[in-house]
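Below you'll find the structure, written out as structure tokens, and then a few comments.
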Ligand code: SF4
Ligand code: SF4
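In this note's numbering, the protein residues as written are -10 to 225.
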């Protein structure tokens, strides 16, 4: 690639000092108990209208309680814990990216940031990451909306675009391992750490799969159903 400038844009999934995704435990809202959907007492014939209104009101609040937070709020309104839990731990954003000086096009490589652990798919020193990796980008709602290189499967990008999380997201599946099982994470796909590659050789490691959406799962309804076959990124 002629005249390429190296732009190692990296993302930090949340503006906190805690370890990335360490608390990615599912934070699904509690489902309303069957009792809460019923009016407390049977209505007399006199109060038929009141019963109808009451039932309607309870129905709305039950629906709200069952709607997960990422469908209820914009990124800007998320609590710290909600923001944190949105990161699916795929690690795609921790791959080194290159910017073509001539066209401005961003290319992914399968070279990982020096702090990225290919084994755990996590930042090895999240608390100190910005001291150690000066160009690690802090993800904020504004950054999510402006960064062109965020992976199409990134949960922050999906929510910013008004889309839903896929079945393999830990918040949907209830398991932190589904992002790996679905073939969405970079586990097993990192070629080298940036410490092992000469800068001039970076273009040799350009790959397209990190920027492509994983194949859509064959799901019903909300997309929370696990497909039978392993999801693979689209062919390069
Ligand atoms: S690309 Fe993956 S690891 Fe990076 S912020 Fe998005 S969901 Fe988290
Ligand atoms: S320092 Fe590197 S591994 Fe850690 S969050 Fe930033 S890009 Fe990812």
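Cβ atoms here follow ideal geometry from the backbone N, Cα and C, with glycine treated the same way.
Would you kindly work out how many angstroms separate the C-alpha atoms of residue i and residue j, rounded to a whole number?
i, j, result
"residue 126", "residue 136", "10 Å"
"residue 83", "residue 102", "6 Å"
"residue 165", "residue 174", "11 Å"
"residue 129", "residue 60", "18 Å"
"residue 120", "residue 104", "11 Å"
"residue 132", "residue 192", "26 Å"
"residue 207", "residue 156", "Because residue 207 carries a pLDDT of 47, less than 50, the predicted location of this residue cannot be relied on, and the following value inherits that uncertainty. Each residue's Cα considered, the two are about 10 Å apart."
"residue 107", "residue 170", "15 Å"
"residue 190", "residue 114", "26 Å"
"residue 109", "residue 81", "13 Å"
"residue 93", "residue 200", "15 Å"
"residue 152", "residue 146", "9 Å"
"residue 111", "residue 64", "22 Å"
"residue 97", "residue 116", "25 Å"
"residue 68", "residue 55", "18 Å"
"residue 195", "residue 118", "24 Å"
"residue 177", "residue 162", "21 Å"
"residue 66", "residue 122", "28 Å"
"residue 124", "residue 70", "24 Å"
Which residues bound the alpha helix (DSSP H) around residue i?
i, result
"residue 60", "58 to 61"
"residue 160", "159 to 162"
"residue 74", "69 to 75"
"residue 135", "130 to 135"
"residue 168", "167 to 170"
"residue 147", "144 to 149"
"residue 120", "118 to 121"
To the nearest whole angstrom, what separates the beta carbons of residue i and residue j, a pair I think is in contact under 8 Å?
i, j, result
"residue 179", "residue 99", "6 Å"
"residue 138", "residue 86", "6 Å"
"residue 160", "residue 57", "7 Å"
Below 6 Å CB to CB, which residues in the same chain sit around residue i once its five sequence neighbours on both sides are set aside?
i, result
"residue 79", "168, 173 and 174"
"residue 202", "141 and 142"
"residue 181", "100"
Go through its chain and collect everything with a Cβ distance to residue i's Cβ below 7 Å, but skip five positions before and after it.
i, result
"residue 144", "75, 76, 77, 154 and 158"
"residue 134", "149"
Residues in its own chain within less than 8 Å of residue i by CB, not counting five upstream and five downstream?
i, result
"residue 184", "103"
Could you please give the first and the last residue of the uninterrupted beta strand (DSSP E) stretch that includes residue i?
i, result
"residue 227", "The chain is shown from -10 up to 225; residue 227 falls before or after that span and cannot be answered."
"residue 97", "95 to 101"
"residue 127", "125 to 127"
Taking CB distances under 8 Å as the criterion, tell me whether residue i reaches chain B.
i, result
"residue 114", "This model lacks chain B altogether, as it is built from one protein chain only."
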